[in-house]
Amino acid sequence: MTVITEILPDKLEVLKTYLEPIGLDIKNKKSQEISFAAYDHLHYCTFFVIPGDHPSPGSSPAPALLAFEANIDGEVKDFVNELIERNPDFVNKVYSCCVGYPGSDAGQLAAYLLANDQGANAFYVAHPGQNRNTIYRQREIRGHIEKFIDDKRSELVGQTEAQIQAAVVQHLQTVYPAGIPKIAAQPFLTLYGDKLFNALLALVGIVLVGGFFGWFGPFTEFLATLAVLGAVAFGVVLRWHEMRDKQDDKPWVVSEQMQAIQRVEDRQLQNHLTSVIEIKPGNFRFYTLKVVLAGINLVAKLVATKGNLSGIVTIHFARWVILPGNAGGRRRLLFMSNYDGSWENYLGEFIDHASVGLTAVWSNTQQAKDRGFPDTQWLALRGGSRDEQRFKNFARNSQLPELVWYSAYTDLSVKNIENNRRIHAGLFSTTDLAAWLKCL
Amino acid sequence: MTTIKLDEVQGIVFSGYNKYMANASYYLLRIEDAGKTKAWLKNLVDSGRISHGAEKPDDTTENRLNLAISYPGYCKLEADAAKRYSFELSFREGMNSEHRSALLGDRGPNDPGKWNWGNGNKEVDILLILFSKDDAIHAASCSSFEKGFKAAGLSKIDRLDAGAKVQNQHGFVREHFGFADGISDPVVDGFPTVTGAGEIATGEFLLGYPNQYDGKKTQMPVSEQFGANGTYLVFRQLKQNVGEFWQFINDEAKRQGIDPEYLAAKFVGRWKSGAVVAPGEKTDPDKINNSFTFANDKDGTGCPFGSHIRRANPRGVGLGENEAESLKVANRHRILRRGRSYGRFLEDPSQDTGKDERGLLFICLNANIERQFEFVQHTWINNLKFAGLYDEDDPLIGSALETDRKFTIQDEPLRRRVCGFQQFVTTRGGAYFFLPSLTALGMLAAS
């Protein structure tokens, strides 16, 4: 969920002063205000302020917004209810600083949060179906197995794979006298989504090509012809926009404000990236972006369901949200991502593996009139994020600091989580035991 | 093939002068009087004493001289804030800044607060590297330089001397733990030693030339005239706890019932000879081949995933969908090493009285410190999650975990694990420098 609310101008400082210490204390967990760890459906959450005058200085002032991003298991409304029920004071203190705050009645408060939930135009989850408790349990199971192997390796190496597995299972039975926790089946889309996606692509392809040549009757032919003409028209308009949006060659560097963000990064295994960028003016860019995000959302739901978003294997959760236009008419794109490793690595992975998708999104945005995304041709096919330094500067300068950022498992990478699941699943499997032993 | 303006580029870019220069001293200097320093610098540049790439040293060459400048040093010579700001952020912040320390793993015993130099009032402005052919010549030129420092407005913070060069049977320089070093320095396009196109673009190590990103040029500081043919130089004094390392290896090998040489080779990823550890191998084949990609060792049963050389350069496995993709990514994060060992070599490496210090004067060159040196150090060497691993850093030089370090040795049917060892390498000092072209040095002197 992504709850976006307008902050009352005179409450901005109050809100910051309240949330900042909670954010700083998140690791020590000494805060009396709220303990996010108590929410066992919560993976990650973030509070941050989108400043009213960001990102282009000199434009008409807009109200500051409070964004609350939470990556959860289950239904949003259940989480919202639990959030309020467990920590009503926290929720009231935060949202009494916002426009439209309905008072402390739990039902009204929940309705208020849900009404302001912008969801996501595109949402990626590394491991759909891996709920937080499962992740915790599988971490624990792996710990027991690794320790067992450390202690007994010399005895185990002489045995067959099946014997080793049996010894591990036998050991775990002593750890879990009530029975080794069962492995849950993976969701249908995680297992077969990519096949579905390919079938869908093939179908669209056949209808378009076949339709164009009149195989399926005049109506389909008409539609396919319309689609082809539409694509050509889109290409022409796009190129016109791209030529008009051309950037100058002046190099520009990372601002002082962004350096402050950089200074608190890379101290732990995971990082959070929050970026807000203006969408280029006019409806053409806005609708192009919407379509691109819908495409990414489809890929995320069907294809990228195994901890790998187009070659990037470090993202736990990522979401793209188009913010509604404000009084000045500026529409903005909000991007939030919880990832493993350093910023430099993350951005590098974007460039190395996902240039097309990423450029297709951000080539529709700019930081200010003279601070656009690196020059791009054909939406994503050439240029764009491949201009490494300029792109990194662009990304850096679009970032916002978080007031609060919570991770439920700071010690686990995306790959760790998947490996832990495989280790767990392997306990109940009789095939591929050699591959299973390699996970250990 | 790229054509480099060799006579513009300082010589150390192309060579560590290991062949003809037996001696090397690293002067860490502070500028006390910028006016005098500029005059001294001008004199040095005009006299043609600073070595460049077009010269071909031979056995009659007596000295080589190179000079790099840190950000604090640049600020003393240049008042223009815009020019200062145009350097990359890591260089401006400095290696000892809080953020960079966290990134590089310089905490605990490596904390800049405990360094010999490069911190607090021992911040270095100028790095002067003096190479000489033999002891007598070196002593004479060092003394002549040292006498001139005061008149040059300079004070000496420290002088670090490289130790004797020890080579193995294949002619590779040996480091203190006993392993052949410097085997896989990048082959760079356009370098005099390289025939044909090199595997790495010139712009990765020299500004003003195409880099690994579709021939783009890395942003140059100050101006094109100043930045071109220069590069960034990273200097770190790394103390090697040789005795502790071999003591641990011997004890642990005994406990696990394996050969200590085998265990140490797994840590490094190479045998002492420099040969990469291949799957199934139990002893040093003493045969060097550096044109491998790990494609034959996808499970890490030869060269472990977490071993030093696999972390320092993962090559063709693990960074992309296929070998080519992975190599492409790996090659965007290479560094060019030009350092030397310091301190006396131990006859028996397990007998280290700890009386005298030994280690590596690590020098590397790169066009972008953040994307190259810092990336390697943070995302590969010190990364607890490297290659899908859990909670282990580089067993040889890692500094992400002070204690209770772990190392997994992939094996069939079951991995072997080594637990509970300490850091074997400690940072004793360091700084980021810019290694200007000869033109840029002249501009600095005249600024």
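If you read the protein sequences in the order shown, they are chains U and S. For any residue, its number in my numbering is found by taking its place in the first sequence, counting from 1, and adding 138. For any residue, its number in my numbering is found by taking its place in the second sequence, counting from 1, and adding 24. A virtual CB, placed ideally from N, CA and C, is assigned to each residue, including glycine.
In whole angstroms, what is the alpha-carbon distance linking residue i and residue j?
i, j, result
"TRP500/U", "HIS379/U", "14 Å"
"THR569/U", "ASP508/U", "59 Å"
"ASP417/S", "GLN447/S", "10 Å"
"PHE410/S", "ILE450/U", "14 Å"
"ALA456/U", "GLY479/U", "15 Å"
"LEU203/U", "GLY161/U", "18 Å"
"ALA316/U", "GLY445/U", "32 Å"
"PRO226/U", "ALA244/U", "8 Å"
"ASN120/S", "GLN261/S", "13 Å"
"ARG54/S", "MET381/U", "51 Å"
"ARG362/S", "LYS146/S", "23 Å"
"PRO601/U", "GLU248/S", "Here chain U covers residues 139 to 578 and nothing more, so residue 601/U does not appear."
"ILE207/S", "ALA469/S", "37 Å"
"ALA424/S", "VAL33/S", "35 Å"
"ALA126/S", "ALA106/S", "28 Å"
Once the 5 residues before and after residue i are set aside, which same chain residues still bring their CB inside 7 Å of it?
i, result
"ASP83/S", "TYR44"
"ASN393/U", "Reading off the sequence, residue 393/U comes out as Ser, not Asn. Within the same chain, SER393/U has close Cβ partners ASN535."
"THR226/S", "THR26, ILE28, VAL212, ASP213, GLY214, TYR233, PRO234"
Within the same chain, show all residues whose beta-carbon is closer than 6 Å to that of residue i, passing over the 5 residues directly before and after it, in chain order.
i, result
"ALA362/U", "LEU346, GLY349, PHE350"
"ASP251/S", "In the sequence under discussion, the amino acid at residue 251/S is Gly, which differs from the Asp named in the question. Within the same chain, GLY251/S has close Cβ partners LEU231, MET244, PRO245."
"SER413/U", "PHE473, SER536, GLN537"
"GLU56/S", "GLY177, SER179"
"THR317/S", "ARG339, GLY340, GLU347"
"SER545/U", "TYR182, GLN408"
"VAL449/S", "LEU262, GLN264, ILE421"
Around the C-beta of residue i, are 16 or more other C-beta atoms found within 10 angstroms, so that it is buried, or is it exposed?
i, result
"ASN254/U", "buried"
"PHE566/U", "exposed"
"ILE150/S", "buried"
"CYS443/S", "exposed"
"PRO356/U", "exposed"
"GLY241/U", "exposed"
"THR61/S", "buried"
"GLU345/S", "exposed"
"PHE386/S", "buried"
"LYS333/U", "exposed"
"GLY10/S", "Nothing in the structure corresponds to residue 10/S, since chain S is present only between 25 and 471."
Return helix, strand or coil for residue i, following the three-state DSSP convention.
i, result
"SER49/S", "strand"
"GLY454/S", "strand"
"LYS66/S", "helix"
"PHE38/S", "coil"
"GLU112/S", "coil"
"ASN355/S", "helix"
"GLU144/U", "strand"
"ALA248/U", "helix"
"PRO303/S", "coil"
"LYS430/S", "strand"
"CYS99/S", "helix"
"TYR425/U", "helix"
Would you say residue i faces chain S, with C-beta separation under 9 Å as the test?
i, result
"ASP211/U", "no"
"HIS491/U", "yes"
"ASP570/U", "no"
"LEU294/U", "yes"
"SER551/U", "yes"
"LEU578/U", "yes"
"VAL391/U", "yes"
"LEU407/U", "yes"
"ASN554/U", "yes"
"ARG382/U", "no"
"ARG401/U", "yes"
Give a yes or no on whether 9 Å exceeds the smallest Cβ distance from residue i to chain U.
i, result
"VAL353/S", "yes"
"GLY137/S", "no"
"LYS44/S", "The residue you asked about is not Lys; residue 44/S is Tyr in the sequence shown. Chain U contact via Cβ: absent."
"ILE28/S", "no"
"PRO210/S", "no"
For residue i, collect the residues of the same chain with a Cβ closer than 8 Å to its Cβ; drop the 5 residues on either side in sequence, then sort them by chain order.
i, result
"ILE224/S", "PRO210, VAL211, VAL212, ASP213, GLN236, ASN355, ARG358"
"THR312/U", "none"
Against residue i, what residues of chain A qualify as contacts under a CB-to-CB distance less than 9 Å, listed in chain order?
i, result
"PRO328/S", "Here chain A cannot be found, since the structure's protein chains are U and S."
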